[in-house]
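The next block holds one structure in the form of structure tokens; read it before the comments.
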Amino acid sequence: MNVTCPSLTPKLEWERRLSLPITKRTLISPGDIFSMVTLTIDGRTVEVPEGTTVLRAAEKAGIKIPTLCDHPHLQPFGGCRVCVVEVEGLRTLQPSCTLPVSQNMVVRTNTPKVLAARKFVLTLIFSDRNHFCPYCQVSGGDCELQNTALDMGMTHWDYQPAWKPYPVDASHPNLVIDHNRCILCRRCVRACGELVGNYTLGIEERGANSMLIADTGVPFGESTCISCGTCSQVCPTGAIIDRRSAYQGLEKKTESTRTVCVQCSVGCGVEVLTRDNRMVRILGDWDATVNGGVICKLGRFDPLDDTRERVKTPMVRKDGKLQPASWDEALEVIAKTLKAHQGKGIAALVSPRLPAEAMTAFKSLFKEGLHAEMVTSMNGSGMASRLAAEAGVHENTLDVLHCADCVVTVGLDLYSDHQVLGFFIKRRLNTSTALVVMDSRENRFAEYARIALKPAAGKEAFALQALAAAIREGHNGTSGKFGELASKAGLSEAEIAKVADLIRKSGTTVFVYGEGLDENGAKALLEVVQQAGDNTKLVSAKGAANSLFAGQLGLSNSFNPKGCPTVFVALGDDEPSNALIQQLEGTEFLAVAASHVSRLTAMADVVLPVEMWAEQEGTYINLEGRVQKAHAALRPTEWVRSSTEAIMALGKLLDVPVSTDWQKAFQNHPSPVTLIGEPA
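Per this note's numbering, the sequence shown starts with residue 4, numbered consecutively.
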């Protein structure tokens, strides 16, 4: 369901917020009515809602006004003064990015006075620091400062540069700050706070010596930066450099592919830039509904750091060693072994990082076709979501996080897992939103919490039962009966009462839970949600990219291959855990479909080379039920096939019909979410 937050929607921001993806805007109540304003810009009549800025009105009219500090996903700042315009009746030039429209306003954007002012401002910006374009990695198309100057017809600036050497901070493992190229637009500062909620970056205000700083002026690499890279994505110049992508190619020389990040179940939209079939840079997709342009370190930098060796050809173990083989030979060996153990002694395991089509084909082949004893997925049990569906408790979409008065996280550290969910919560904390963290483990996200509860290990169920009792007793006008449950959880009655009181007083409370809950804990959480009333919402962080779909397929049991001499693992580009390696040691016959060489492929009797995430096409269903289409950004080598193709080829050889109809498969079990949208 959509949640409206009219109180958080300044009219000045009406059009900007309404133009953003749902996760980046507060919503306007259907009851809000905005009068329309008519104005004239460069002789064109424009009608826009009241509160729209002149800059946005000009954009609607197809009139380009240059700007450097403005960004459509950030609050207007009005710092660079490049966007100044002339307004009839006003004595001075006005910054269009912060000026609201008014009825019958007349605006001129290209008068001699305006153009002279813009050139003067650009001249000051260029001369303030050391902008030596030939040596800059963004020169030639990716620098907004250079592009703006060229659009203005500038070939030089009249004032002498500062010639003062500014420091370069290269202490960060992923980013470099070159102060010589900084224009103090504060985009990075605003993005760090407004979009990510981290507030690491700031400006040390010293007049002409003002500098971008991290925290209190510590080296960037020693700061509270979480390496999301949002600052580098919004930087209009080459001041904040992505270490891996600098000098690898301008955007105009790369191919851009919009796809889905598969690092977790949030399913962020990303834009992958490639050159010569090689990943150059990964950006957050500003138009993505799920994340609205923000991504975390796992999505932006980790794929570029992946140096694992690829599986290049099928391999079959001969004389104790894996030897290159053809696809036909490798599939024949697997099919022969599976046929010999059909109905008895087969275990099959699939990675939830694979597309829905591949997972559907996997279940169709092994569960329905070969009747394998054990068929499941690798990541998480999905038990809490299953119980929610069975109990009729509906999990909500991510919209609820953008308007929550209170957020309670249970069994989940959003500092390290599902970080983008953490961004959504943190950027609400400078309002009246309260955060409660409940986790028996050390939890770094608790640093941001108003209340942090740390129940004894394995006692989360008692803590949640105590909370449910406290809420119930509070509504009934009684108190104190939950104390025994709180004591069993290793918590005080006062701690539980404080959280219960906070929930009762909050307009909307959102519980965000992870895979850390056992069955008793999950049942207790559902009891809390039911006791807290209609204004209490539930969001589940479901492990890997397609963990929700794995649960819908019934592939959420713990993997136990004991007694199964034949094991097939559809690994994809997943990294096998130490626990999985130990479980499969001594397996009589092991076949692995993988994109990278690992200890698991080294143990295998047959290895099939399959596509990695950036090479595959397919459907992903994120934690809220949003259906998204992944597009291939890279071309696989000749011997590599998709996981779906590999499974279907195996089914054909076994004469077993294999289905890839994921929509039909999704409906086989009660769902905690409603599917949103269709793949494009």
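Glycine included, every Cβ here is placed at the ideal spot set by N, Cα and C. Note that the structure is a prediction, hence the values are computed from the model and not measured.
Query, Result
"Residue range of the alpha helix (DSSP H) that LYS3 falls in?", "Because the chain here runs from 4 to 683, residue 3 falls outside it and cannot be looked at."
"Taking the beta strand (DSSP E) that PRO52 belongs to, which residues open and close that run?", "47 to 52"
"Go through its chain and collect everything with a Cβ distance to ASP608's Cβ below 6 Å, but skip five positions before and after it.", "ARG320, PHE592 and LEU593"
"Alpha carbon to alpha carbon, what distance is there between LEU77 and GLU208?", "21 Å"
"Per DSSP, which residues does LYS632 bridge with? Please list them.", "THR622"
"In three-state terms, what does DSSP make of ALA649?", "helix"
"By the three-class DSSP mapping on this structure, what secondary structure does CYS750 have?", "The question about residue 750 has no answer here: the residues shown for the chain are numbered 4 through 683."
"Thinking C-beta only, is VAL87 closer than 8 Å to THR43?", "no"
"Could you have a look at LEU125 and say whether DSSP puts it in helix, strand or coil?", "helix"
"For TYR516, count neighbouring C-beta atoms within 10 Å of its own C-beta (all shown protein chains included) and say buried if the count is 16 or more, exposed if not.", "buried"
"In the DSSP assignment, the beta strand (DSSP E) including PHE669 goes from what residue to what residue?", "First-last for PHE669: 665 to 669, but that is the alpha helix (DSSP H), not the beta strand (DSSP E)."
"Looking at VAL439 and VAL411, is the spacing between their C-beta atoms short of 8 Å?", "yes"
"Quick one, are the C-beta atoms of ASP245 and ARG284 less than 8 Å apart?", "yes"
"From which residue to which residue does the alpha helix (DSSP H) around GLN422 run?", "422 to 429"
"Identify which residue in GLY461, CYS139 and LYS342 has its Cα closest to the Cα of PRO568.", "LYS342"
"Starting from GLY575 and walking both ways along the beta strand (DSSP E), at which residues does that stretch end?", "569 to 575"
"Please classify GLN586: does DSSP put it in a helix, a strand, or coil?", "helix"
"For PHE592, does the three-state DSSP call read helix, strand or coil?", "strand"
"Less than 8 Å between the C-beta atoms of ILE206 and LEU178, yes or no?", "no"
"Which of the three DSSP states is assigned to SER367 in this structure?", "helix"
"Could you tell me the alpha carbon to alpha carbon distance between SER543 and LYS667, rounded to whole angstroms?", "23 Å"
"DSSP puts ILE44 in a beta bridge; with which residues?", "ARG47 and VAL110"
"Note down, in chain order, each residue of its chain lying with its Cβ closer than 7 Å to the Cβ of ALA503, except the 5 sequence neighbours on either side.", "LEU470, ALA473, ILE474 and GLY477"
"By Cβ distance, which residues of its chain are closer than 8 Å to ASP420, with the 5 residues on each side in sequence left out?", "CYS267, GLY517 and ALA544"
"With distances taken Cα to Cα, identify the nearest neighbour of LEU641 among VAL613, ASN150 and THR622.", "Looking at the sequence shown, residue 641 is not Leu but Glu. For GLU641, the nearest C-alpha among the options comes from VAL613."
"SER674 to ALA596, Cα distance in whole Å?", "29 Å"
"Taking contact to mean 3 or more Cβ pairs, one atom from each stretch, closer than 8 Å, check whether the stretch 162 to 170 and the stretch 117 to 134 are in contact.", "yes"
"Can you give me the C-alpha to C-alpha distance between VAL403 and LYS540, rounded to a whole angstrom?", "7 Å"
"So what does DSSP say about GLY566, is it helix, strand or coil?", "coil"
"Excluding the 5 residues flanking GLY220 on each side, which residues of the same chain have their C-beta closer than 7 Å to its C-beta?", "GLU207"
"Identify, in the order they occur along the chain, each residue of the same chain with its Cβ nearer than 8 Å to the Cβ of THR363, setting aside the five sequence neighbours on each side.", "LEU556, SER662, THR663, ASP664, TRP665 and ALA668"
"Hey, CYS234 and CYS191 are a contact pair by Cβ (cut 8 Å); roughly how many whole angstroms apart?", "4 Å"
"Nearest to ASN538 by CA position, among ARG59, ASP521, LYS526 and SER509, is which residue?", "SER509"
"Does MET318 pass the burial test, meaning 16 or more other C-beta atoms within 10 Å, or should it be called exposed?", "buried"
"Measuring CA to CA, which of ARG507, GLY519 and ALA548 is closest to GLN534?", "ARG507"
"Using a Cβ-Cβ cutoff of less than 6 Å, which residues in the same chain neighbour ASP577 once the five nearest sequence positions on both sides are dropped?", "SER354 and ARG356"
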